[in-house]
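Heads up, the thing below is written out as structure tokens.
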Amino acid sequence: MAILEVKNLNKSFGRNHVLRGIDFDLEKGEVLSIIGSSGSGKTTLLRCLNSLEFADEGQIIVNGETIFDAAINKRPSEAELRQKRLHFGLVFQNFNLFPQYSVLENVTLAPKLLGKGSKEEIEQYALELIDSVGLKDKVSNYPCELSGGQQQRVAIARALAMKPNILCFDEPTSALDPELTGEVLKVIRSLADKNMTMIIVTHEMTFAHDVSDQIIFMDGGVIAEHGTPDILDHPKSERLQAFLTSF
Amino acid sequence: MDTFFQQFPIVFHALNVGFLQTLKLFAVTLLGAIPLGLIISFGSMSKFKPLSMVVRFIVWIVRGTPLMLQLLIIFYFPGLVFGQQLWGGGEGGRFFASAIAFIINYACYFSEIYRGGIQGVPHGQQEAGQVLGLSKSQIFFKITLLQMIKRIVPPMANEIITLVKDTSLARIIALQEVIWAGQAFLKGSEGISGAIWPLFFTGVYYLAFSGILTLLFGWVEKKLSYFKA
Numbered sequence: 000m001a002i003l004e005v006k007n008l009n010k011s012f013g014r015n016h017v018l019r020g021i022d023f024d025l026e027k028g029e030v031l032s033i034i035g036s037s038g039s040g041k042t043t044l045l046r047c048l049n050s051l052e053f054a055d056e057g058q059i060i061v062n063g064e065t066i067f068d069a070a071i072n073k074r075p076s077e078a079e080l081r082q083k084r085l086h087f088g089l090v091f092q093n094f095n096l097f098p099q100y101s102v103l104e105n106v107t108l109a110p111k112l113l114g115k116g117s118k119e120e121i122e123q124y125a126l127e128l129i130d131s132v133g134l135k136d137k138v139s140n141y142p143c144e145l146s147g148g149q150q151q152r153v154a155i156a157r158a159l160a161m162k163p164n165i166l167c168f169d170e171p172t173s174a175l176d177p178e179l180t181g182e183v184l185k186v187i188r189s190l191a192d193k194n195m196t197m198i199i200v201t202h203e204m205t206f207a208h209d210v211s212d213q214i215i216f217m218d219g220g221v222i223a224e225h226g227t228p229d230i231l232d233h234p235k236s237e238r239l240q241a242f243l244t245s246f
Numbered sequence: 000m001d002t003f004f005q006q007f008p009i010v011f012h013a014l015n016v017g018f019l020q021t022l023k024l025f026a027v028t029l030l031g032a033i034p035l036g037l038i039i040s041f042g043s044m045s046k047f048k049p050l051s052m053v054v055r056f057i058v059w060i061v062r063g064t065p066l067m068l069q070l071l072i073i074f075y076f077p078g079l080v081f082g083q084q085l086w087g088g089g090e091g092g093r094f095f096a097s098a099i100a101f102i103i104n105y106a107c108y109f110s111e112i113y114r115g116g117i118q119g120v121p122h123g124q125q126e127a128g129q130v131l132g133l134s135k136s137q138i139f140f141k142i143t144l145l146q147m148i149k150r151i152v153p154p155m156a157n158e159i160i161t162l163v164k165d166t167s168l169a170r171i172i173a174l175q176e177v178i179w180a181g182q183a184f185l186k187g188s189e190g191i192s193g194a195i196w197p198l199f200f201t202g203v204y205y206l207a208f209s210g211i212l213t214l215l216f217g218w219v220e221k222k223l224s225y226f227k228a
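Here it is, written out as structure tokens:
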């Protein structure tokens with residue numbers, strides 16, 4: 000059974016129809032990369048999955064459980080939302096670390112507030128995560144003392160601390176200097192090696208090709224092409240061909 | 000009494016009494032205006048249009064007219080219209096009326112500072128809290144609040160130091176604050192008359208007090224300088 004099923008997702012902002020019937024399945028441990036030009040709906044799709052936006056139509060099913068169905072309830076209650084969000088983690092383009100907290104506190108804040116274990120367990124796990132993103136010596140630093148790449152690695156550790164089923168990345172390297180993208184991609188790659196289920200919105204074509212099991216190419220709010228990374232080598236549609244030549 | 004040294008102890012005591020009243024007005028204004036300002040700022044940010052329009056209209060009136068005029072209106076208006084003193088007579092009544100005028104006036108200024116502080120915290124901070132499963136109040140108290148406070152410390156320091164000196168406006172309804180106390184020796188009080196130096200000397204009180212506040216706010220800013228928001 001697929002860990003994630005997305006069915007006929009539609010979303011408009013006013014007269015702007017951003018998502019026009021998105022369908023896909025994701026198996027546990029798979030990595031899905033979503034590519035496409037800006038304004039094609041990639042970020043909106045991720046935001047719908049994370050309940051930051053609500054689709055006008057369609058369903059989102061995680062592990063067989065329908066967590067969103069526009070036909071039943073377009074605007075779930077605050078308490079329901081908090082439960083649903085925990086299926087997903089989201090890493091933002093511009094990190095959004097909490098500036099007043101140290102690296103360790105950023106990672107432990109949510110698990111502690113939501114009572115996900117004892118203080119010792121939470122801190123132990125947080126330290127393991129921080130170590131796994133290569134920032135062991137930065138645990139007590141504040142975000143303003145870190146480079147963009149380091150901040151993004153903390154953001155990944157912070158998302159992992161809530162043990163999400165599916166980790167989403169919204170252009171995780173787009174706000175970084177080119178020489179810093181490598182360290183972040185390396186961390187994402189190591190997560191893929193550990194069979195973390197991930198959805199990555201990215202413009203890093205080579206990376207998407209190497210790390211993904213599935214690629215979705217979005218264009219004008221629809222999935223214009225969907226398949227294995229092979230579609231990047233042999234695009235069928237003209238639009239994907241044109242998109243790829245722009246790199 | 001002629002010499003400065005003979006006058007000084009008498010004047011010093013009278014000014015201290017006056018400055019105590021100044022401090023009282025200062026403290027009561029802050030105690031009232033800091034929370035009231037927060038309520039007004041939520042009102043002016045309300046998505047319910049009629050409420051935010053009414054609140055913004057009131058803020059416009061209060062910020063658009065002199066505090067001295069507001070003091071006079073609040074003190075005299077009830078008596079003129081209803082034919083009776085709403086505030087009670089004497090120094091107590093004058094203090095009460097002054098406190099009301101100051102609290103309303105400063106709450107309106109504070110509300111705009113709060114609004115800027117709240118709206119200045121990037122929306123991404125709230126979303127980061129949301130995707131981690133935190134509740135609205137957890138997000139406000141654990142994430143947004145300290146960032147907002149850091150942002151509003153410099154403009155609040157500015158307003159609060161202005162308040163120290165604005166308290167002297169209560170002189171217009173004869174509140175016996177430090178300026179009133181200094182001026183008394185011009186007309187004649189406690190055997191001293193025609194002395195202008197006590198009035199000038201009140202400046203020392205304002206300077207000393209705003210100096211202490213400057214140090215205090217500098218310390219707060221430094222305490223919050225470990226992060227950038």
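For the protein sequence lines, the chains are A and B, in the order given. Sequential numbering of the first sequence, starting at 0, is according to numbering that gives the first Met the number 0. Sequential numbering of the second sequence, starting at 0, is according to numbering that gives the first Met the number 0. C-beta: ideal position from N, C-alpha, C; glycine also.
| task | List the whole-angstrom C-beta distance separating V16 of chain B from A180 of chain B, where the pair is believed to meet the contact cut-off of C-beta under 8 angstroms. | result | So it is a contact: roughly 6 angstroms between Cβ atoms.
| message | Is the beta carbon of T166 of chain B closer than 8 angstroms to that of E158 of chain B? | response | Taking 8 angstroms as the Cβ cut-off, E158 of chain B and T166 of chain B do not qualify as a contacting pair.
| Outcome for E224 of chain A when other beta-carbon atoms lying within 10 angstroms are tallied against a minimum of 16 | Looking at its Cβ environment, which holds 16 or more other Cβ atoms inside 10 Å, E224 of chain A is buried.
| Closest Cβ-Cβ distance between Y141 of chain A and chain B: below 8 angstroms? | Residue-level contact by beta carbon holds for Y141 of chain A and chain B, with a gap shorter than 8 angstroms.
| L229 of chain B burial status per 10 Å Cβ neighbour count (16 or more: buried) | Residue 229 of chain B cannot be examined here, being either before or after the span of chain B that is shown, 0 to 228.
| query | Quick one: what does DSSP say N49 of chain A is sitting in, helix, strand or coil? | reply | Three-state DSSP puts N49 of chain A in coil, outside helix and strand.
| request: Within its chain, find whatever has a CB closer than 6 angstroms to the CB of L184 of chain A; leave out the 5 residues flanking it on each side and keep chain order. | output: The answer, listed in chain order, is F206.
| said: Quick check on the burial criterion: 16 or more other C-beta atoms within 10 angstroms. Buried or exposed for Q5 of chain B? | reply: The C-beta of Q5 of chain B has fewer than 16 other C-beta atoms within 10 Å across all chains shown, which makes the residue exposed.
| query | Under the three-state reduction of DSSP, which class applies to T196 of chain A: helix, strand or coil? | reply | In the displayed model, T196 of chain A falls within a strand according to three-state DSSP.
| said: Going by C-alpha to C-alpha distance, which of A:D136, A:G40, A:I121 sits closest to V17 of chain A? | reply: Per the Cα distances, A:G40.
| request: May I have the straight-line CA-CA distance separating N104 of chain B from R93 of chain B, to the nearest angstrom? | output: Straight through space, the alpha carbons of R93 of chain B and N104 of chain B are spaced by roughly 16 angstroms.
| Whether V219 of chain B touches N49 of chain A by CB criterion (8 angstroms) | In this structure, V219 of chain B sits away from N49 of chain A, with a CB-CB distance that is not shorter than 8 angstroms.
| request: Let me know the secondary structure DSSP gives S37 of chain A once reduced to three states. | output: Correct three-state label for S37 of chain A: coil.
| query | Just by C-beta distance, which residues in the segment 144-161 of chain A are closer than 7 angstroms to chain B? | reply | Going along the segment 144-161 of chain A in chain order, one finds M161 with a Cβ nearer than 7 angstroms to chain B.
| What is the rounded straight-line gap between the Cα of L56 of chain A and the Cα of G38 of chain A? | Sequence check: residue 56 of chain A is Glu here, not Leu. C-alpha of E56 of chain A to C-alpha of G38 of chain A: approximately 19 angstroms in a straight line.
| field | Residues that I260 of chain A bridges to, as DSSP identifies them | value | Lying before the first or after the last residue shown, residue 260 of chain A is absent from chain A, which here runs from 0 to 246.
| said: If distances are taken between C-alpha atoms only, which option among A:F216, A:G220, A:V221 comes closest to D229 of chain A? | reply: Residue A:F216 is the option with its Cα nearest to D229 of chain A.
| query | Going by the beta-carbon positions, is the gap between V200 of chain A and F168 of chain A smaller than 8 angstroms? | reply | Yes.
| said: Quick check on the DSSP output: the alpha helix (DSSP H) that includes I72 of chain B runs from which residue to which? | reply: Here the alpha helix (DSSP H) through I72 of chain B covers 66-81.
| query | Got a sec, what are the start and stop residues for the alpha helix (DSSP H) A207 of chain B sits in? | reply | The continuous alpha helix (DSSP H) containing A207 of chain B extends over residues 196-222.
| query | How would you list, in chain order, the residues of chain A whose beta-carbon sits under 9 angstroms from the beta-carbon of Y225 of chain B? | reply | Within chain A, the residues whose beta carbon sits less than 9 angstroms from that of Y225 of chain B are Q99, Y141, C143, listed in sequence order.
| task | Answer yes if the segment 56-73 of chain A comes into contact with the segment 234-241 of chain A, meaning at least three C-beta pairs across the two stretches below 8 angstroms, and no otherwise. | result | No contact exists between the segment 234-241 of chain A and the segment 56-73 of chain A.
| task | Figure out for me which residue from A:L89, A:G63, A:A78 has the closest Cα to the Cα of T42 of chain A. | result | Cα-wise, what sits closest to T42 of chain A is A:L89.
| Using a Cβ cut-off of 8 angstroms, which residues of the segment 111-124 of chain B contact any Cβ in chain A, in chain order? | Against chain A - using a Cβ distance shorter than 8 angstroms - the residues of the segment 111-124 of chain B are P121, G123, Q124.
| 8 angstroms Cβ cutoff met for Q84 of chain B and G78 of chain B | Their beta carbons are under 8 angstroms apart, which means Q84 of chain B touches G78 of chain B by this criterion.
| request: With distances taken Cα to Cα, identify the nearest neighbour of Q146 of chain B among B:Q124, B:I195, B:E189, B:K135. | output: The shortest C-alpha separation from Q146 of chain B is found at B:Q124.
| task | Return helix, strand or coil for M204 of chain A, following the three-state DSSP convention. | result | In the structure shown, M204 of chain A sits in a helix (DSSP, three-state: H, G or I).
| request: List the residues of chain A that A228 of chain B touches, going by C-beta distances under 8 angstroms, in chain order. | output: Close partners of A228 of chain B in chain A (Cβ separation under 8 angstroms): P98, Q99.
| request: Can you tell me which of A:M0, A:D68, A:G28, A:F53 puts its alpha carbon nearest to the alpha carbon of K6 of chain A? | output: That would be A:D68, whose Cα lies nearest to the Cα of K6 of chain A.
| task | State yes or no: is the C-beta of A26 of chain B within less than 8 angstroms of the C-beta of A183 of chain B? | result | Not in contact: A26 of chain B and A183 of chain B (Cβ atoms no closer than 8 angstroms).
| When A:A156, A:L96, A:E104 are compared against V132 of chain A, the one with the closest alpha-carbon | That would be A:A156, whose Cα lies nearest to the Cα of V132 of chain A.
| request: Would you please verify whether the beta carbon of K46 of chain B is less than 8 angstroms from any beta carbon of chain A? | output: Chain A contact via Cβ: absent.
| Classification of F91 of chain A by the beta-carbon crowding that lies within 10 angstroms, buried from 16 upward | Here F91 of chain A is buried: its Cβ has 16 or more other Cβ atoms, across all protein chains shown, within 10 Å.
| What number of angstroms, rounded off, separates the C-alpha of G36 of chain B from the C-alpha of Y113 of chain B? | Each residue's alpha carbon lies about 8 angstroms from the other.
| query | If we cut at 8 angstroms on Cβ distances, does G244 of chain B have a partner in chain A? | reply | In this structure chain B extends from 0 to 228, so residue 244 of chain B is not present and cannot be described.
| request: For H86 of chain A, count neighbouring C-beta atoms within 10 Å of its own C-beta (all shown protein chains included) and say buried if the count is 16 or more, exposed if not. | output: Classification of H86 of chain A: buried, given that the 10 Å Cβ count is 16 or more.
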